[in-house]
Amino acid sequence: MATIAGTLAQPTQSGVWSWITTVDHKRIGVLYGVTGFSFFLWGGVLALLMRTQLAVPNGTVIESDRFSQLFTMHALTMIFLAIMPMGAGFFNYMIPLMIGARDVAFPRLNALSYWTFLGGAMILSLSFLFEAPGGGWFNYAPLSERPYSDGLGIDFYVVGLLTLGLSSLMAALNFAVTIINLRAPGMTMMRMPVFVWMTFVISILLILALPPLTVGLIQLLFDRQFGTHFFIATEGGDPLLWQHIFWIFGHPEVYILILPAMGIVSEVLPTFSRKPLFGYPAIVFSGIAIGVLSWVVWSHHMFTTGMGSVPRAVFAVNTMIIGVPTGIKVFNWLATLYGGSIRFTTAMYFAVAFIATFTIGGISGVMHASPPVDSQHQDTYFVVAHLHYVLFGGAIMGIFSGIYYWFPKMTGRFLGETLGRWHFWLLFIGMQMTFFPMHFLGIAGMPRRIYTYDDGLDWGFWNMFATIGSYVLAVSLLFFIWNFFRSMRREPSAPANPWDAPTLEWGTSSPPPEHDFDAIYTVRSREPLWYDRDHGIAAPVATGEHIHLPPPSYYPILIAIGITLLGVGALSHLAISALGGVIAFYGVWGWALEPTD
Amino acid sequence: MAHAPAVAHGGAHVTSTGTENRKLLMWIFLGSECLFFGSLIATYLVFKHQVIERGIGPFPIDVTIDGKVEHGIFDIPLTSTSTFVLLMSSVTMVLAVYGAHQHRLKMMKLGLLSTMLLGLVFLGFQVYEFRTFGHEGLNLTTNMFGATFFLLTGFHGTHVGVGVLYLGSLLAASFRRNGLGRETGEHVEIAGLYWHFVDIVWIVIFTVLYLIP
Ligand code: HEM
Ligand SMILES: [Cu+2]
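As they're listed, the protein sequences go chains A and B.
Heads up, our numbering is the position in the first sequence plus 1, with the first residue counted as 1.
Heads up, our numbering is the position in the second sequence plus 203, with the first residue counted as 1.
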């Protein structure tokens with residue numbers, strides 16, 4: 002159904018104000034995606050600075066304190082400001098379309114979570130103008146405490162993450178409700194696309210994992226501002242408590258980062274293999290199992306803190322068990338490819354590369370699931386290699402796959418395949434060159450987070466190699482950006498379902514109209530569009546009834562400004578906090594009284 | 204039909220599960236809150252025995268150090284009274300919800316008002332308790348008991364305060380010409396979920412902090 006008949010005229014809004022007040026999930030998705038990608042580039046710049054410093058022994062590009070700020074901000078930027086929001090961008094854009102709805106359950110809450118995210122991202126990033134946090138992304142106590150880090154850096158960390166956490170919580174609540182409540186007729190839970198399932202699991206993980214982090218951050222805030230001693234051992238506190246709290250959040254968090262990519266790959270592989278996903282229930286249940294198990298493995302980040310041998314054994318076994326559902330997924334993806342009539346588009350390249358590199362990261366993960374082995378790996382470049390294989394080779398590869406796959410849906414245009422191939426191969430080679438040697442460096446004993454190293458240690462060669470790889474990576478991104486702008490300058494040419502994909506988002510025009518669907522689909526199978534195609538069922542036609550769309554609202558951004566000022570005040574002067582509180586309260590009232598019909 | 208057509212926005216419309224969107228949101232949010240208070244309570248428990256071992260008072264309960272008895276500062280009868288007040292506020296909340304569903308608006312308004320007042324009385328007790336503890340030398344920085352106690356009960360008090368504002372907003376809005384509109388029952392019921400939750404959390408806190416030795 003390339004042409005749309007019977008569409009009700011909806012005046013399409015444009016201009017900056019329309020973006021500021023938008024409550025359209027597609028636009029919010031685009032905002033998330035573009036912001037997230039910009040931060041991805043910024044985080045990449047920070048990484049290149051570090052790699053430049055480490056290229057040769059005794060490098061002199063960056064001095065030690067600045068280096069600590071770089072690796073801290075690199076990690077925070079990539080995790081909270083790049084991968085999570087790019088995932089959120091896809092959730093926003095795709096989830097309502099994939100479940101056949103016309104918006105999320107709470108459109109204004111959706112806008113609020115975006116603007117709050119932007120506020121938190123600003124707080125965190127603008128710390129560079131004052132003093133950036135330098136305690137690592139896990140910010141261990143007591144280094145993070147006043148006696149050891151007196152500047153503003155750690156406060157930026159605390160306030161930034163609290164704000165971002167609030168934003169994620171709102172988004173997660175919204176998506177959980179949307180997925181439970183807004184499914185099209187016939188879309189049972191076990192007919193939902195895997196990407197929707199993974200979003201659901203992520204939402205639940207966020208809803209449950211953010212509160213412990215919030216409590217930890219508040220305790221740290223109290224330690225720094227009001228003189229408590231939660232994490233200072235000499236005063237009766239316990240630095241290990243912070244580690245526990247952080248990793249109770251931190252381990253579910255790593256799955257929050259990877260599950261979107263797993264969801265994307267589970268959409269891309271069947272479409273380009275022209276056969277249904279192999280073992281759908283197994284993939285769904287292993288996704289759920291990963292979500293559940295991710296709560297009982299956190300202490301594998303703490304094997305070397307002197308835990309007793311029983312807890313070490315328990316956490317080691319749990320950690321190894323979590324490899325099982327992960328492995329199940331990998332085999333299901335492979336089986337999806339098997340016997341399919343495969344089309345190698347760029348999206349498919351990224352999806353297949355995802356399986357390969359993610360598996361390498363999974364294997365090194367199972368290696369340091371063993372406490373004695375981990376006591377060798379802990380705090381070395383081996384761990385850095387592991388986390389980049391899963392995060393770059395996994396999450397980022399998956400996200401790029403999603404970008405190539407859904408670009409026609411979101412813009413009505415295709416990304417160039419030739420440039421896409423350049424992008425893919427340079428990125429793939431660059432990534433292996435950068436991160437594979439880190440395994441060697443780690444085994445050779447190179448600690449992570451050092452700003453330089455000596456000549457006689459024999460680490461020079463692989464470091465130089467990795468640095469060259471990181472520049473190759475950077476070049477690959479230039480190809481992507483070129484590709485993007487080249488496509489955007491072209492006339493839209495994408496039909497509704499250019500890949501002949503099975504899921505509902507392809508059942509409306511590219512890009513979709515503001516109301517998403519002229520008529521709501523009735524779902525009869527897990528691959529609704531293929532089912533309708535094979536059974537000769539025509540797409541539903543519009544009945545001409547009035548389609549209600551929520552009106553734009555400026556209260557979300559107003560409340561977000563209030564929330565951000567609350568945080569800024571905590572860093573500067575409480576009067577600003579008070580102002581923020583008043584603005585937020587006013588915004589909530591206006592919001593509550595604003596008519597939505 | 205199990206799956207009625209979904210609509211794109213909140214409101215009393217048909218949803219896939221039949222549960223209204225905002226109510227579902229509140230339920231899930233309260234799940235998140237469980238973890239929030241769970242973490243605070245866990246922190247309290249982590250330091251509970253360590254505080255006594257370190258021997259820097261005041262302590263929650265009577266402790267003997269070097270043969271000298273240090274009196275605990277918890278005043279159980281007082282806190283039992285404030286707990287009772289908060290419990291009663293749940294009863295009035297139930298009346299408010301009932302009134303809202305039955306379109307007995309006077310009952311609803313009275314229910315909301317008395318719930319708010321009882322909440323305020325509870326907060327009054329808490330302020331009094333905090334001040335007394337302060338006079339007896341316990342503050343945030345004295346020892347880990349002070350830090351964990353004030354953080355936990357302080358956040359609970361904040362939740363009660365937010366609840367009072369929430370109910371107050373509903374009450375104020377109910378005096379408008381259209382009152383709370385078509386969805387009066389839903390609005391008040393969802394606020395009730397929040398209020399009962401805050402109550403239940405207090406029961407847990409009261410039991411764990413004050414009653415279990
Ligand atoms: C088969 C599954 C996995 C296993 C068994 C596993 C195991 C581990 C272990 C034991 C560590 C601690 C290493 C140490 O610090 O000594 C670790 C670190 C890490 N893992 Fe994994 N992992 C797995 C998958 C993942 C995934 C999917 C992600 C993210 C997408 C991830 C992200 C990380 C990160 C970021 C760290 C480093 C944290 C830090 O210290 O900064 N892992 N992993
Ligand atoms: Cu972990």
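Backbone N, C-alpha and C define an ideal beta-carbon position, used for all residues, glycine too.
From a predicted model like this one, the values you see are computed outputs, not experimental measurements.
Contact with chain A by residue i, beta-carbon distance below 7 Å
i	result
I231/B	yes
M347/B	yes
A350/B	yes
N224/B	yes
T356/B	no
R385/B	no
R257/B	yes
T218/B	yes
L238/B	yes
T361/B	no
L243/B	yes
For residue j and residue i, the rounded distance between their alpha carbons
i	j	result
I289/A	L281/B	46 Å
T453/A	Y158/A	25 Å
S376/A	L278/A	39 Å
T218/B	R422/A	44 Å
P108/A	G591/A	15 Å
G88/A	A122/A	16 Å
M432/A	F304/A	29 Å
G187/A	S372/B	39 Å
L167/A	G457/A	48 Å
F201/A	G363/A	23 Å
T286/B	V297/B	17 Å
M319/B	E236/B	21 Å
Beta-carbon proximity of residue i to residue j, cut-off 7 Å
i	j	result
A112/A	V24/A	yes
M199/A	L153/A	no
P240/A	P143/A	yes
P194/A	T523/A	no
G161/A	L125/A	yes
K277/B	P261/B	Residue 277/B is actually Phe in this sequence, not Lys. It is not a contact, given that the beta carbons lie outside the stated cut-off.
S267/A	G341/A	no
F481/A	H424/A	yes
P271/A	T337/A	yes
S488/A	L416/A	yes
V407/B	F348/B	no
A285/A	A352/A	This sequence places Val at residue 285/A; Ala is not what is there. The answer is no: Cβ separation not under 7 Å.
I538/A	G101/A	no
G34/A	A83/A	no
V293/A	I323/A	no
Y256/A	I208/A	no
Beta-carbon separation (whole angstroms), residue i vs residue j, contact threshold 8 Å
i	j	result
G388/B	H304/B	4 Å
I370/B	W230/B	First, the residue type needs correcting, since residue 370/B is Leu and not Ile in the sequence shown. Between W230/B and L370/B the Cβ distance is about 19 Å, and since that is not below 8 Å, they are no contact.
F223/A	L354/B	7 Å
L165/A	F81/A	5 Å
L343/B	A350/B	6 Å
Residue-level contact to chain B via CB, residue i, 7 Å cutoff
i	result
L209/A	yes
L174/A	yes
G237/A	yes
A142/A	no
G228/A	yes
N182/A	yes
V178/A	yes
A106/A	yes
P1/A	An answer regarding residue 1/A cannot be provided, because it is not within the stretch 2 to 598 covered by chain A.
V216/A	yes
### Task
Report yes or no: do three or more beta-carbon pairs, one from the stretch 66-77 of chain A and one from the stretch 38-54 of chain A, lie closer than 8 Å?
Contact between the stretch 66-77 of chain A and the stretch 38-54 of chain A is present: 3 or more CB-CB pairs across the two stretches fall below 8 Å.
### Query
Would you call the stretch 129-139 of chain A and the stretch 542-555 of chain A in contact, with 3 or more CB pairs under 8 Å?
The stretch 129-139 of chain A is not in contact with the stretch 542-555 of chain A.
### Message
Using 8 Å as the cut-off, can you tell me whether the stretch 404-415 of chain A makes contact with the stretch 486-502 of chain A, which would need three or more C-beta pairs spanning the two stretches below that distance?
### Response
In the pairwise beta carbon analysis, the stretch 404-415 of chain A is classified as touching the stretch 486-502 of chain A: at least three pairs are separated by under 8 Å.
### Query
Taking three-plus beta-carbon pairs below 8 Å as touching, is the stretch 381-394 of chain A in contact with the stretch 312-319 of chain A?
Because the criterion of three Cβ pairs below 8 Å is not met, the stretch 381-394 of chain A and the stretch 312-319 of chain A do not touch.
### Task
For the stretch 550-570 of chain A and the stretch 580-594 of chain A, state whether three or more C-beta atom pairs, one from each stretch, are separated by less than 8 Å.
The stretch 550-570 of chain A makes contact with the stretch 580-594 of chain A: 3 or more CB pairs, one atom from each, lie closer than 8 Å.
### Inter-stretch contact at 8 Å, needing at least 3 Cβ pairs: the stretch 510-517 of chain A / the stretch 470-480 of chain A
Counting C-beta pairs closer than 8 Å gives fewer than three between the stretch 510-517 of chain A and the stretch 470-480 of chain A, which falls short of the contact rule.
### Query
Are the stretch 218-227 of chain B and the stretch 292-311 of chain B in contact at 8 Å, needing three or more beta carbon pairs?
As far as the Cβ criterion goes, the stretch 218-227 of chain B does not touch the stretch 292-311 of chain B, which means the pair count is below three.
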